[in-house]
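Trainee: The structure under discussion is supplied below as structure tokens; questions concerning it will follow.
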Amino acid sequence: MGQKSISRRPREWLPYLGGALLVCLLIVVLTGINIWQESRRYQERAEVLTQNTTKLLAQHIGDVFANADSLLKIVAFQYIDQRSRGQFEPGRFHAYLNQVMAVSPVFLNIRMLDDKGVLRHGSGDGIVPIDLSDRDYFYRLRDLPAGSADSPMIFSGPIFARLAKQWVLVLARRIENPDGSFAGVVFINLHNEVFGDLFASIKLGPTGAIVLRTSEMAQIDRFRRGPKPDADVGNRKVSQKLAELVKIAPDGGSYKAMTNYDQVTRYYSYLKVGPYPFYIIVGEATQDFIASLGVNIYMLLGFGVLMILLAAAGFWHIYRLTQQRILERIDQQAGRIIDASPLAMLVIDPENVVRKANQAASAMFGYPVQELTGMPRQQLEASHSLTASTDPAPQSAWQAGPQALQEQFEVVGLRRDGSEIPLHVALSSIHLDQASHAIVVLDDLTERRKTEAKLHELLSLQTAILDHHSYAIIATDPEGMITLFNPAAEHMLGYRADELVGLHTPMIFHDPEAQKSLLKDDGPSDFKSLVAEINAGGSQVGEMVIRRKDGTHFIASCSASALLDEQGRVTGFLYVVADITELKQAQDRLAHLAHYDPLTNLPNRILFFERLELGLALARRNQSQLALLFLDLDKFKPVNDTWGHAMGDLVLKAVALRIIACLRESDSVGRVGGDEFVVLLMNLQTPDAAVLVAEKIRESLNQPFLLEGKTLSIGSCIGIAIYPGHGSTATELAKNADAAMYRAKDTGRDRVVVFDPEMALAPG
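Okay, so the sequence shown: first residue is 1 according to our numbering, each after it adds one.
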């Protein structure tokens, strides 16, 4: 294809340019590492300096506080000792205090308050009684319990001393009489400037700083004072970083921050002053040690720039020597690649003419390779496009020729026979023969279009099924987040799909309390346990109590199964939910009708004799007695005949209520016939107890019934069989109780009869 121009092939510069940039980057990185290491050394020096300084100052200040504490103890002892021995003389004690202060010049003065808070004694001249009972250190010490003389020294301040007319830090101790009662307070005033003079002796650079603060961060003194130092006393404003660090590491630490006080960034170290509630904070300004870094940084930067220039010149020379041979191989390799490619490929020149085509392109368009070569590109494209894109940039690049470096888009190709073919076009630019050409890779989209159409039909069918299915269908991802919520689910559960999709798991519908109340089980405790059940069995079908958005509940049949990909991995879960509330209610009604008398709502024969069997089992295990009563109503038939069956039904209901009122909770009553009732009495102490209950029932039924304005009277005959004396099975007890009841009917009615073995011998 001819000689290539080096200047027109910028892409082929990239490896060499990349190599040069890599070397330059390496030089920059090494230079940066050196600068960083140098800066780090200065930073470490600053950290070590501030840490050592805080330790030194904390030790010194702690010694001052310890000396003050010892001094206060001695003075308090002397005061109480002299008073207890009756040798206390104010003048001589005043001289003693002056001597104490003479050997402790670091303290401003020492004072003593009596138990009322009035100043009585002190060093220096002009001690006059002043009421200082409002000072916090006075009432804090006064309110300590008796015997607290050895409690720790307390600190107060900084406060503005009324007598000294200056800011001081107060160190105070409690004075106690020999009996432990409060005798007053002895305290030392420590001038703030004592710390300032100490801090000024430390060399921390032009903008270094030292601050003494209380544990509540109130400022005591600061080196590098502001224009109004008195206004800064007691200031609690500290950097957010210090406030956070003190909570995490209350004993000490280091940090870097810019203070609001002077807007200077420093490396700080802070340390708690021994056991005392104070922090010493020392900071060296970054600008102080960065200034000394400047010369070294400039030297390193200069060396780096020089190395970059040398590397760039060397790579350019190597590039010029090797580029020509590389370019000579490009045409040969490109031609072989295009011819061997199974994809349809064209090379198009700046005039939009095909300059090269391979066999795959020939088969795609139906033209021989020789005929394709030299053909205008527009002859291979239909006049319209299948793409729905609103961005015309890719098509413009295709139609304007090979100016774009890389583009991908779709067009409609035109075969030799006039048929159209949807094509995906991948367009890239290459420099050949000192001109920009385009390499075009074409992919037939016909089969893809058919597959997409089938997928669209399948998706439409799936959507229609989901939208019109009467069951709620819910899908989730593997973590349980809802991904699909069909219209039936919206109607059934009261949520819109956009309220749940991507936001909640199906457990939002689960109510453990309602589940336990209505279905007698807890159901899954969380989504993980539900998934575990599904994974264990492949699918899960069961009943759950579902909670709607409005808080109401319904019973649902839930089918849950895992969604698997081609490799068998779980990609999500599918839940199909049907409301079976009415079905459950119908089942409950049928179950109730099968075991209860519909008129009186008492257990019928089946349920009652199940309870009798259970009662017998309990009686055998507990070795207790029970009684079975058979009851038949007297004079009930005339009621039916005279007043009708509706009135008879009312009488039966009233009889059931009166019998229940005569029984305990552990007893049972059932209706086994038209006017026949049975009673089970559990845990009897003696057989006579059954007779008493039976008589109570008989007397209750003898009372007139007032129903719908009519007064009706009936009676009853009651037969009793006792376990174990009258039988050990339900059948034996029922037979014998029935025999006793008929004996009651035969012997005059309206009576209670206990079974006698002779009744079993009687005819009939």
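Heads up, the beta-carbon is just placed ideally off N, CA and C, and yes, glycines get one too. Remember, it's a predicted structure, so these values are computed and weren't measured experimentally.
To the nearest angstrom, how far is the alpha carbon of Ala218 from that of Arg496?
Mentor: Computed Cα separation, rounded: 57 Å.
Trainee: Given that a residue counts as buried once 16 or more other Cβ atoms are within 10 Å of its Cβ, and exposed if not, what is Thr642?
Mentor: exposed
Trainee: Verify whether the separation of the beta carbon atoms of Thr600 and Leu652 is less than 8 Å.
Mentor: yes
Trainee: Starting from the Cα of Ala66, find the closest Cα among Pro145, Tyr79, Pro152 and give me that residue.
Mentor: Pro152
Trainee: Which two residues bound the contiguous beta strand (DSSP E) that contains Gly253?
Mentor: Note, Gly253: beta strand (DSSP E), 252 to 258.
Trainee: Could you tell me the distance, in whole angstroms, from the CA atom of Pro757 to the CA atom of Gly615?
Mentor: 23 Å
Trainee: Just mark Thr747 as buried or exposed, buried being the case when its beta carbon has 16 or more other beta carbons within 10 Å.
Mentor: Note on Thr747: under 16 other CB atoms within 10 angstroms of its CB, so exposed under the neighbour-count rule.
Trainee: Nearest to Tyr270 by alpha carbon, out of Lys55, Glu676, Cys558, Asn702?
Mentor: Lys55
Trainee: Helix or strand or just coil, what does DSSP make of Pro394?
Mentor: Low confidence applies to Pro394: its pLDDT is 44, below 50, so where it sits in the model is not reliable, and the reading given next is rough at best. DSSP places Pro394 in helix when its eight states are reduced to three.
Trainee: Assuming Gly480 contacts Thr451 (C-beta within less than 8 Å), just tell me the rounded distance between them.
Mentor: So it is not a contact: roughly 32 Å between Cβ atoms.
Trainee: Tell me whether Asn109 sits in a helix, a strand or coil according to DSSP, three-state version.
Mentor: strand
Trainee: Would you tell me roughly how many angstroms separate the C-alpha atoms of Pro178 and Arg135, rounded to the nearest one?
Mentor: 25 Å
Trainee: Just confirm the distance between the C-beta atoms of Arg140 and Ile130, as a whole number of angstroms; I'd bet it's less than 8 Å.
Mentor: Actually they are not in contact, since the Cβ atoms of Arg140 and Ile130 sit about 19 Å apart, beyond 8 Å.
Trainee: Span of the beta strand (DSSP E) holding Asp634?
Mentor: 625 to 634
Trainee: Mind the definition here: the segment 656 to 665 touches the segment 688 to 698 only if three or more C-beta pairs lie below 8 Å; say whether that holds.
Mentor: Yes, since at least three Cβ pairs between the segment 656 to 665 and the segment 688 to 698 fall closer than 8 Å, the two stretches touch.
Trainee: Provide the residue span of the alpha helix (DSSP H) that contains Gly729, from first to last.
Mentor: Rather than Gly, the amino acid found at residue 729 in this sequence is Thr. Run containing Thr729: none; DSSP gives neither H nor E here.
Trainee: So what does Leu414 bridge to, in DSSP terms?
Mentor: DSSP output for Leu414 lists Glu420 as bridge partner(s).
Trainee: Out of curiosity, what's the CA-to-CA distance linking Ser341 and Ala382?
Mentor: 25 Å
Trainee: Using CA atoms only, rank isn't needed, just tell me which of Ser624, Phe160, Ala313, Leu71 is closest to Gly19.
Mentor: Ala313
Trainee: When you compare only the Cα positions, how much space is there between Leu386 and Ala357?
Mentor: For Leu386, the predicted structure reports a pLDDT of 41, less than 50, and the residue's modelled location is therefore unreliable. The matter cannot be settled from this model.
Trainee: Cα-Cα, which of Gly274, Phe278, Ser239, Phe365 is closest to Ser215?
Mentor: Phe278
Trainee: Since Lys356 is in the beta strand (DSSP E), which residue starts that stretch and which ends it?
Mentor: That run of the beta strand (DSSP E) goes 354 to 357.
Trainee: Assuming the contact rule is C-beta atoms closer than 8 Å, Ile546 and Ile580 should be a hit. Round their C-beta distance to whole Å, please.
Mentor: At roughly 10 Å, the Cβ-Cβ gap does not stay under 8 Å, so Ile546 and Ile580 are not in contact.
Trainee: How many Å lie between Gln623 and Ser668 at the Cα?
Mentor: Distance between the alpha carbons of Gln623 and Ser668 is about 20 Å.
Trainee: Between Ala76 and Arg40, what straight-line distance do the alpha-carbon atoms span, to the nearest angstrom?
Mentor: 53 Å
Trainee: I'd like to check one pair, Gly205 with Asp221: are the Cβ atoms closer than 8 Å?
Mentor: no
Trainee: Could you pull out every residue in the same chain whose Cβ sits closer than 8 Å to the Cβ of Ala58, ignoring the five residues on either side in sequence?
Mentor: Leu271, Lys272, Val273, Gly274, Ile280
Trainee: Please classify Cys24: does DSSP put it in a helix, a strand, or coil?
Mentor: helix
Trainee: Taking the DSSP output, what are the residues bridged to Ala562?
Mentor: Looking at the DSSP assignment, Ala562 forms a beta bridge with Phe573.
Trainee: According to DSSP, is Val693 part of a helix, a strand, or is it coil?
Mentor: helix
Trainee: Under DSSP, the beta strand (DSSP E) around His121 begins and ends at which residues?
Mentor: 119 to 122
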